[in-house]
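Residue numbers (this note's numbering): 5 to 631. All C-beta atoms, glycine included, are put in the ideal place defined by N, C-alpha and C. Treat the numbers as computed from the prediction; the structure is a model and nothing was measured. Here is the structure we will look at.
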């Protein structure tokens with residue numbers, strides 16, 4: 005099994021990136037510096053950070069004046085003030101580092117005490133903002149809150165709050181600056197000056213902070229963390245390396261600072277550029293890279309750790325990755341056999357042969373995502389082991405090639421996976437529906453509407469992969485092993501491309517006038533991305549979360565997905581209002597039969613009455629009670 009976390013072995017061959025970033029981060033001419041390591045979820049950012057730390061630590065051993073600290077931003081998700089939490093975590097890591105001189109420790113200790121006061125004041129705010137305001141300004145505030153029913157407890161709370169705020173006031177706010185609008189600026193400046201002073205020691209040249217999982221945090225926490233870095237911690241000798249999905253960061257910024265009408269500047273990009281001086285983008289792995297990665301993961305499964313490292317070194321030394329072609333399966337076998345024990349060689353060959361048959365389809369669907377690649381292989385290995393427990397290991401008990409192929413279909417399109425299961429239930433001497441579908445997509449003149457969803461490039465590629473003729477195989481055992489996938493499941497957003505995510509974001513905040521541009525964006529997507537977009541949208545249609553002017557545009561412009569839209573609308577959870585009638589009429593003009601069937605369903609369920617849909621703004625007469 006492959007763990008879903010940062011790898012200790014560089015299977016992605018990110019070492020050149022790690023070397024460059026490690027060198028830049030240790031250059032004193034570039035400080036203070038914030039580096040952004042950008043990539044989508046599952047792209048291998050955590051693995052790259054781990055590799056960067058290894059390189060920094062290696063160099064630091066030769067020159068013992070560099071501290072490298074790991075911070076996981078997700079740890080601060082539950083804190084009231086993420087800025088203070090991050091600052092405290094960093095200061096404590098510096099203070100507790102074994103190579104820190106006592107002079108630096110003393111300075112850091114003083115800053116930690118000030119942070120304790122900040123935390124106390126923040127906590128007090130959560131139970132009584134008026135008390136804080138009163139203590140900080142000296143102005144009387146009506147006692148309008150209830151922090152306790154006990155008079156003694158109330159008094160103590162007031163006392164503690166006042167003392168905390170007064171301490172901060174004494175240390176960070178001069179008396180004549182209390183009402184000065186620039187006092188906040190002065191506070192920030194003073195903290196930075198004290199932090200800078202604390203690090204003034206020749207024994208320290210570099211402090212490099214690696215921040216991971218920022219894109220897992222809530223938007224407000226993301227902004228707080230970035231602000232803490234920029235406002236409080238960005239001083240000489242400091243370098244921050246932040247690993248995140250740039251799209252998530254931009255979303256957080258847009259939520260905090262919504263776009264200004266008639267303002268052409270992209271605030272999200274401008275904001276990031278102010279924080280991040282050096283953005284480094286992890287390239288999306290190509291299909292070729294993913295195919296190779298799949299094979300390397302299989303080798304790793306059957307190879308001891310140190311032997312696997314030696315195998316990868318051999319691959320790098322022979323420069324097999326530089327080729328434009330996927331590494332030949334036979335060559336993988338030859339290179340790996342020297343590092344795999346005799347007891348595992350047979351199982352290794354069997355697994356490699358199975359994965360080799362589907363790796364091209366899998367790679368095309370995973371969008372260059374290493375995490376999803378691991379998850380797919382984990383699923384396959386798990387199902388294979390379950391099959392051995394359920395059905396034994398005798399020859400003919402289960403064809404692992406069929407199992408792998410079905411898992412790929414479930415990954416490509418779960419709706420088609422469910423449909424294939426329904427066809428299999430009607431198996432007699434063969435699967436007649438699958439056979440008819442096969443004949444349909446193989447005939448250029450056959451445009452059977454029933455099989456349109458199967459007639460897309462990614463699915464055709466799946467159909468033509470071996471074993472091709474599934475119509476001759478009863479699939480009951482295979483579907484039993486994958487029965488949890490026969491229920492409708494939410495789409496894994498991390499598998500979506502940046503373009504697909506962008507489309508979904510636009511749909512989420514679509515206005516009527518923007519629908520033509522959104523339709524263009526969807527039309528420009530490849531078949532797999534289009535399918536994923538509709539997988540996300542159709543459940544929302546069913547729940548009544550999508551406006552009818554959006555549904556109309558999708559229905560009219562994307563014929564291949566009309567069945568999915570209609571299926572979702574059949575279970576529509578809200579009463580259909582009169583305002584939706586014009587949109588439904590346009591849908592009917594595009595596909596009379598489908599919408600008439602839909603209207604009959606709605607009338608029967610009571611969510612749309614004849615008298616409602618016969619009326620409209622222009623009071624048109626409707627022939628025979630229809631649109």
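Let me confirm a value: residue 24 is counted as buried when at least 16 other C-beta atoms fall within 10 Å, else exposed. Which label applies?
Residue 24 comes out exposed.
Report yes if the C-beta distance between residue 37 and residue 281 is below 9 Å; otherwise report no.
Their beta carbons are under 9 Å apart, which means residue 37 touches residue 281 by this criterion.
Taking its Cβ as the centre, do 16 or more other Cβ atoms sit within 10 Å of residue 609, making it buried, or is it exposed?
Exposed, since its Cβ has fewer than 16 Cβ neighbours within 10 Å.
Going by beta-carbon coordinates alone, are residue 90 and residue 248 separated by less than 9 Å?
Cβ distance not < 9 Å, so residue 90 and residue 248 don't count as in contact.
How many angstroms separate the CA atom of residue 380 from the CA atom of residue 412?
The straight-line gap from Cα to Cα measures roughly 8 Å.
In whole angstroms, give me the CA-to-CA distance for residue 587 and residue 518.
About 16 Å.
State yes or no: is the C-beta of residue 530 nearer than 8 Å to some heavy atom of the ligand SAM?
As far as ligands go, the structure on display features none, and thus does not contain the ligand SAM.
Is it buried or exposed, residue 374, if we count other Cβ atoms within 10 angstroms and call 16 or more buried?
So residue 374 ends up on the buried side.
Taking the alpha carbon of residue 85 as the point to measure from, which residue in 607, 69, 119, 526 has its own alpha carbon closest?
Answer by Cα proximity: 119.
Which residue or residues does DSSP assign as beta-bridge partners of residue 248?
According to DSSP, which records beta bridges pairwise, residue 248 is partnered with 42.
So, for residue 470: in the same chain, excluding its five sequence neighbours on each side, which residues have a beta-carbon less than 6 Å away from its beta-carbon?
Excluding sequence neighbours, residue 470 sits near 361.
Output the residue ranges of the alpha helix (DSSP H) runs that lie fully inside the region 68-114 and measure 4 residues or longer, sorted by chain position.
For the region 68-114, whole alpha helix (DSSP H) runs of length 4 or above, ordered along the chain, are 86-100.
Report the option in 481, 602, 553, 483 whose CA atom is closest to the CA atom of residue 568.
Looking at the Cα atoms, 602 is the closest of the given residues.
Rank 478, 592, 490 by C-alpha distance to the C-alpha of residue 420 and give the top, closest one.
Nearest C-alpha to residue 420: 490.
Can you give me the start and stop residues for the alpha helix (DSSP H) that residue 471 sits inside?
Looking at the DSSP string, residue 471 is not in any alpha helix (DSSP H), and its letter there is neither H nor E.
Using C-beta distances below 6 Å, list every residue in its chain close to residue 479, excluding the 5 sequence neighbours before and after it, in chain order.
So the list reads 428, once near-sequence residues are dropped.
Report the rounded CA-to-CA distance for residue 486 versus residue 387, giving the unit in angstroms.
Roughly 8 Å between the two C-alpha positions.
Counting C-beta neighbours from all protein chains within 10 Å, is the total for residue 326 16 or more, i.e. buried, or is it exposed?
Counting Cβ neighbours within 10 Å, residue 326 comes out exposed, since fewer than 16 surround it.
Nearest-angstrom Cα distance between residue 97 and residue 242?
Near 14 Å, if we compare the C-alpha coordinates of residue 242 and residue 97.
Less than 8 Å between C-beta atoms, sequence neighbours within five positions excluded: which residues of the same chain meet that for residue 301?
Excluding residues within five positions, the ones whose Cβ falls inside 8 Å are 6, 15, 377, 378, 381.
Can you give the beta carbon distance from residue 363 to residue 410, rounded, assuming they're within the 8 Å contact cut?
With 8 Å as the limit, residue 363 and residue 410 do not qualify as a contact, their Cβ atoms being about 16 Å apart.
Could you give the C-beta distance for residue 203 and residue 108, rounded to a whole number, given that I count them as a contact under 8 Å?
Correct: roughly 6 Å between the Cβ atoms.
In three-state DSSP terms, what is residue 215?
Here residue 215 sits in strand by DSSP.
Is the beta carbon of residue 559 sitting closer than 9 Å to the one on residue 594?
Yes; because the gap between Cβ atoms is below 9 Å, this pair is in contact.
List the DSSP bridge partners of residue 210.
70.
Contact between the region 56-64 and the region 220-230: three or more CB pairs below 8 Å?
With a cut-off of 8 Å, the region 220-230 and the region 56-64 do not count as touching, because too few Cβ pairs lie within range.
Determine the burial state of residue 425: buried for a count of at least 16 other Cβ atoms within 10 Å of its Cβ, exposed for fewer.
Residue 425 comes out buried.
Distance check for residue 438 and residue 477, CA to CA, integer angstroms please.
Distance between the alpha carbons of residue 477 and residue 438: 11 Å.
Name the two residues that bound the continuous beta strand (DSSP E) containing residue 282.
Here the beta strand (DSSP E) through residue 282 covers 282-285.
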